[in-house]
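Protein sequence lines correspond, in order, to chains A and B.
Position 310 of the first sequence, counted from 1, bears residue number 317 in my numbering, the numbering being contiguous throughout.
Position 134 of the second sequence, counted from 1, bears residue number 175 in my numbering, the numbering being contiguous throughout.
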Amino acid sequence: MTGTRFVGTKFPRPEAPDKVSGRALYIHDVVRPGMLHGAIKHSAHAHARILRIDTSRAEALPGVEAVITGFDTPELRVGFLRENRALKRDKVRNQRDEIAAVAARDPETARRALELIEVEYEVLPAVFDPVEAMREGAPRIHEVDGRGRPTRDNRVPMECRHHSGDLEAAKERSAFRVAGDYEVPWIQQSCMGTAGCIAEFDANGDLTVWAKTQIPFLAQRDFNRALEEMGLEGRNTRVIVTTLGGGFGTGLDTHCYEYIAILLAHRTGRPVKVLMDREEEFRYLSPRQSARVHIEQGCDEEGRLTYREVRVLQDNGAYASWGATFPTVMLLPVTSLYKVPVVHFDAEIVYTNNTYAQAMRGYGNPEVTMAIESNLDELALAAGIDRLEIRRINCNEPGEVTPMGARVGSCGLRACIEACAEKLDWRAKPGRNGRLRGVGMASMLHVGGSGRIYRSDASGIILKLDDFGNVNVFYGGVEMGQGLHSTIRLAIADSLGVLPEKVRVNPTDTATCPWDVGTHASRGAFMACNAALEAVRKLRARLFAYCVDLFPREVERALRKQRAGGPPPRPEGGAAPDRSSPPSAEADLSFAQGRAPGDFELEKGLVFVKDGPDAPWAKIPLDRILRAIHFREGGDMLTETAFYDPPSELPDWREGRGNMSAAYTYGAQAVELEVDPETGEVEILRFVSAMDIGKVLNPQALDGQVLGGLAQGLGYALYEEVKTEEGAILNPNFTDYKLPTAHEMAFPVDLVYVETDEPTGPFGAKGAGEPGLVPTAPAIANALRDALGVSLRTLPMTPERILRALDPSAS
Amino acid sequence: MTRTRILRLKINGHEREVAAEPNAILLDVLREGLGLTGTKRGCDMGTCGCCNVLLDGRPVNSCLVLAWDCEDREITTIEGLLPEDPGALHPLQEAWAETGGSQCGFCSPGFIVTAEALLREDPEPTETRVREALSGNLCRCTGYKKIVEAVLKAARSGRGVEVGS
Ligand code: FES
Ligand code: FES
């Protein structure tokens, strides 16, 4: 492998010109010939039996091509517990339940037709609180489970717990103990590009779906299963990923709207696009999971943690999507953030008639880190230990094995904490103009070497070299704005020895790319680059094996040409080579003869012998060599694949044990802020983000991941909440649901990267996609407690909540 | 339907004709009627800025503007900022690519045309002014830092190309 030349440098993304000039094609922009537009009718009630659906008036509307319901289409099961249906038939379980759909010539006609569909319901008693939903006699959301077996209560059959050590003994041993109850809301992922898809069948009955997905291959599996349910056994789905318009976890599940597009396309025989507008996305797309977290931690006289007890209660809403599995990711920080010998973790997930939640960046980690880190500050206070000191005392170390069995490789948490300590003034100081000033910090731990939550945690890659020296890359993971393609390009350019411009990462398509489990768990760059490095090794071995034979002839030819006055080879995209010293007539070519494959090197797109002469004619452009390999007798094209499955274990969720990731990412954030005690307004003065993400692969993309994560964390901490009443979404727009703008993000941010060298990571790197938002809310909460002298334990920490905390007697 | 009319719109320096009903929204006419899909739809209610275009040099939410009201006015979309030579970018677009102001990219066209209006009015804006001018645009990916940096960078480099006016 050549030394790194592009990895670690700022490089514009390959897709940037298309995006900034408006040329990138998002699902909104893709049009297929003869395409119809679908629209979906949703439930008017949170819990009701469907008695009758009359679609006749909708069908009669000019421009309507099809109206479908659960009664006249095959039953398509949705969700990992298979208890959801694309179109509901028996009853509706929340206000977003799909009951009918229309395909029409334009979106307006389709939406108008929805209003003409008449539905008769028998309203049922509903339940909107998970505690009430667990009570005897509570309205039952699902009478039977996904396999048709009667349910006993409203608990979601998902087990995830961890009990290690004697909790009672640990409590007794502790000099200080602090408990607290925390609550985090549903929030909307709020991709600027709303959700949508196009489904189209060909004449063989095979299906193509243009999808806004992060899991093209699991989507293919899900849609193929739907085809089977539709009686189309043996037919296949091809999933093509368009430019994404934001992911943040929304693309980790397959959605009812996608299955409905498939049903409509099948019914009409035409391509059908279903596209959500902003309000629909707020109402009908699954938000981030909410949670109530009870936590208790203790420490000894010296501040060493003695135990951590965490009980999580999740309002699952009506169906299981990935929100139900958040505890599987909470497990890692609960058992492994800081050294804590005794850990008890239990989670309860309960069906209600509310909306149901899916993945969002961090996936359970920010929810529980809010509780761990806020509670830790209170423990420090109770123990009379400095807040930074308690974190130093309990800091994780390289080589540690945590209670869940996470084997820590590289760990730079200590340096992250020190960076936070250094960059802010931790002494108590008054704020300006009577405002209250506070500082606070929080640490984090996240999977950094992918996260094994599925039998295979692999990623495949294909590298195809062509006659022009291009490296065509086919990778099944998804570029969603994080800079994956840019990182792949830098990694391949360096490891193979070509210029980045020659590395062309193709759009993700299940027909051409090898299998990948999905782009989640901060795994994109870690997985793609590890797979790429393996494929590059094979590629170079094959290339250099051919060079033994071909290289002497090519050098001779280059020399002949140059003597005849032709231009010497030019390194790809590089400066013209030096012409001042023409090769002497008696140049000795024997250096090229009888070489072994290991004697060759490829750099900047030129193949040469490592100890050969440093002359232009002795360096042959890669494309020349590739054509020589192609067009010889018994020719060959160089294509290599690799399938990388990281060294990690699928945890036993019932026991909460297993080394779920090949590496672990650490970090800490700290914030200085001021609060206006009259209004409760918070002003962030300064932010520090210190991350141990291993070696920095792609600084431009990394800064974007951290800063973007931080902005989402700020929204989570201070502004964002999906508000509901009786299951209805009350704030389905950006007027009533506040996202941070450039104005709220006006404070300076110190970005610190603690570059550990992770042995399992490509070039020593670890995953970096999610960490940016994980510790943000607790860092702000801790700074607010420092400023106000009281703790806020419910997100978002709005001015109203702050005022109420300052004066509990005020309403 | 009967009231559909052929509008003459001046878009990116060219006269374009397009059929539009009286209640047709400019954003729809640009995207569906004229195939100018660089202008994005993020909310339909003036809250995200993804649909921003310049109307007589001022940024507007094209999702709130009636197409009929745009006759005899200069409309500039993201496509109109591109210089004529293929492969070249407008200085703002260049700066966006260089700093990483574009991640998923969905917000970029709206931000860039809004920034163009700012730089036409104030070629050397302060950071505060930039943030103010862009506070009607939402971005979920970047945290805005690189976006603000891109505008300041383009301002420093001089804007160069003057288009659509
Ligand atoms: S689409 Fe016009 S402002 Fe959002
Ligand atoms: S880059 Fe994705 S919304 Fe701004």
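Think of the CB as a built atom: it goes at the ideal place given N, C-alpha and C, for glycine as much as any other residue.
Apart from sequence neighbours up to five positions away, the residues of its chain that approach A61 of chain B with a beta-carbon distance below 6 Å are L48, V70 and A108, ordered along the chain. Per DSSP, M451 of chain A is one residue of the beta strand (DSSP E) stretching across L443 to V454.
For W217 of chain A, the secondary structure class from DSSP, reduced to helix, strand or coil, is strand. Nearest C-alpha to C306 of chain A among A:M237, A:L388 and A:G371: A:L388. By the criterion of a C-beta distance shorter than 6 Å, T116 of chain A is surrounded in its chain by G70, once the five residues flanking it on both sides are discounted. Annotation for S171 of chain A: the continuous beta strand (DSSP E) segment containing it runs R168 to S171.
Contact between A354 of chain A and C167 of chain A is confirmed by a C-beta separation of about 5 Å, below the 8 Å threshold. Positions of the beta strand (DSSP E) runs, each at least 3 residues long and wholly inside the region 450-530 of chain A, are given as 466-472, 478-482 and 510-512 in order along the chain. If you ignore the 5 residues before and after F289 of chain A, its C-beta comes within less than 8 Å of the C-beta of Q195, V729, I736, N738, P739, N740 and Y744, all in its own chain and listed in chain order. For G199 of chain B, no Cβ of chain A is located within less than 8 Å of the residue's own Cβ.
Classified as buried, Q321 of chain A has 16 or more neighbouring CB atoms from the shown chains inside 10 Å of its CB. With a cut-off of 7 Å, the C-beta of R82 of chain B is classified as distant from ligand 2, since no heavy atom of the ligand falls inside that distance. Shown here, R44 of chain B sits in coil according to DSSP, grouped into three states, outside any helix or strand. Note that the C-beta distance between Y671 of chain A and C418 of chain A is below 8 Å. Within chain B, the residues placing a beta-carbon under 9 Å from that of T250 of chain A are C145, G146 and F147, ordered along the chain. By the C-beta criterion, the region 79-93 of chain A is judged not to be in contact with the region 125-141 of chain A, since fewer than 3 inter-stretch pairs fall below 8 Å.
The contact set of R285 of chain A on chain B, defined by CB atoms closer than 7 Å, consists of G83, C84 and D85 in chain order.
Of the residues assessed, N361 of chain A falls on the buried side of the cut-off, its CB having 16 or more other CB atoms within 10 angstroms. In the DSSP annotation of this structure, the continuous segment of the beta strand (DSSP E) that includes E127 of chain A starts and ends at E125 to V130.
R560 of chain A has its alpha-carbon roughly 57 Å from the corresponding atom of Y370 of chain A. Straight-line measurement puts the Cα of Y291 of chain A at about 16 Å from the Cα of L259 of chain A. Taking each of A:L470, A:Q600 and A:G200 in turn and checking the Cα distance to D36 of chain A, the smallest one comes out for A:G200.
Shortest gap from the CB of G419 of chain A to any heavy atom of ligand 2: 7 Å or more. Assignment of beta strand (DSSP E) within the region 99-137 of chain B, counting only whole runs of 3 or more residues, yields 99-102 and 115-117 in chain order. Closer than 8 Å to the CB of D97 of chain A there is not a single CB belonging to chain B. Following the DSSP letters along the chain, one finds A331 of chain A in no beta strand (DSSP E), marked with neither H nor E. Taken through DSSP and simplified to helix, strand or coil, T646 of chain A comes out as strand. In terms of CA proximity to F147 of chain B, B:C89 leads the group B:E173, B:C89 and B:C104. According to DSSP, C180 of chain B shares a beta bridge with no other residue. With a threshold of 16 other beta carbon atoms within 10 Å, S597 of chain A falls short and is exposed. Nearest CB-CB separation between H35 of chain A and chain B: below the 8 Å threshold. The region 454-464 of chain A makes contact with the region 671-685 of chain A; the number of CB pairs closer than 8 Å reaches 3 or more.
Secondary structure note for A65 of chain A: its alpha helix (DSSP H) is the uninterrupted segment S63 to A67. Taking 8 Å as the threshold, the shortest C-beta distance from C418 of chain A to chain B does not fall below it. If you draw a straight line from the Cα of G663 of chain A to the Cα of V300 of chain A, it is about 18 Å long. Taking 3 residues as the shortest admissible run, the region 67-155 of chain A contains the following complete beta strand (DSSP E) segments, listed from N- to C-terminal end: 71-76, 105-111 and 125-130.
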